[in-house]
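In the numbering used here, the protein residues as written are 1316 to 1538.
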């Protein structure tokens, strides 16, 4: 009985998140009320407050359901000074993880929908302050991991970077984030996977990661 109750609660939670995804995409976050979400999910407003504190909490849960696996993939690929894991080439791992993320966005409708909502359909007004804070936390985490990977790769290849590792990491993140946002505005404009990996190769070449970088990137783009 307890197990069935938990399964039913999880099913209701999933329905609410599914409804939120579609409504946020259709009419924007600010124009979607919790009552709208409950109605679309065939649930009550009380059911929403059983599972979520407010709209921001629901929004973050919707994001985490899709993006946590992607975030974990990047974290596993990134170099960390505290890690005891031996990473043969930090930048190769980052490139492959980036290719996986771009592929997921292109080929998985739910991932694409949620990221579209997060980049085009949300306003960081007072009630969504927690969403902004999570966005910044994830972004800062990515930049830090990229910075460590760039430092480790430069040391591995005996490179002198043309900019600080932090500046390079900020640029790398902005490049990927910008490409994804522009592609979502018009998916027919360019091939996100092919153009994305090609542009990343150019950026990394500018940092000094040549030859092996390009070969690995081409293999990733063709996989």
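Each residue gets a CB set at the ideal place from its N, CA and C atoms; glycine is no exception.
Could you please give the first and the last residue of the uninterrupted alpha helix (DSSP H) stretch that includes residue 1512?
Working through the chain shown from its first residue, we reach residue 1512 at position 197. It spans 1507-1522 - the alpha helix (DSSP H) in which residue 1512 sits, taken as one unbroken run.
Apart from the five residues just before and just after residue 1438, which ones in its own chain have a Cβ nearer than 6 Å to its Cβ?
Taking the chain shown and counting its residues from 1, the one referred to as residue 1438 is at position 123. For residue 1438, where only same-chain residues beyond five positions count, the Cβ hits under 6 Å are 1345.
Excluding the five sequence neighbours on either side, which residues of its own chain have a C-beta within less than 6 Å of the C-beta of residue 1524, listed in chain order?
Numbered from its first residue, the chain shown carries residue 1524 at position 209. Result list for residue 1524: 1406, in chain order.
Which residue comes first and which comes last in the alpha helix (DSSP H) that contains residue 1364?
Reading the chain shown from its first residue, position 49 is the one you call residue 1364. Counting along the chain, the alpha helix (DSSP H) containing residue 1364 begins and ends at 1360-1366.
Looking only at its chain, what residues have a beta carbon closer than 8 Å to the beta carbon of residue 1372, apart from the 5 residues adjacent to it on each side?
Residue 1372 sits at position 57 when you count from the first residue of the chain shown. 1445.
If contacts are defined as beta-carbon pairs under 8 Å, then residue 1480 and residue 1465 qualify, I think. What distance do you get, rounded to the angstrom?
Working through the chain shown from its first residue, we reach residue 1480 at position 165. Working through the chain shown from its first residue, we reach residue 1465 at position 150. Indeed they touch by this definition, with Cβ atoms about 5 Å apart.
Rounded to whole angstroms, what is the Cα-Cα separation between residue 1409 and residue 1461?
For the purposes of this step, residue 1409 is identified with residue 94 of the chain shown, where counting begins at 1. For the purposes of this step, residue 1461 is identified with residue 146 of the chain shown, where counting begins at 1. If I take the Cα positions, the gap works out to 8 Å.
Quick check on DSSP: helix, strand or coil for residue 1472?
As a working note, residue 1472 is residue 157 in the chain shown. Looking at residue 1472 - three-state DSSP - the assignment turns out to be coil, as it is neither helix nor strand.
Rounded C-beta distance between residue 1353 and residue 1367? I'm assuming under 8 Å.
Position 38 of the chain shown, counted from the start, is the residue given in the question as residue 1353. Position 52 of the chain shown, counted from the start, is the residue given in the question as residue 1367. Residue 1353 to residue 1367, Cβ: 11 Å. No contact.
Within 10 angstroms of the Cβ of residue 1341, are there 16 or more other Cβ atoms? Answer buried if so, exposed if not.
Here residue 1341 refers to the residue found at position 26 of the chain shown. An exposed status is given to residue 1341, since fewer than 16 other beta-carbon atoms sit within 10 Å of its beta-carbon.
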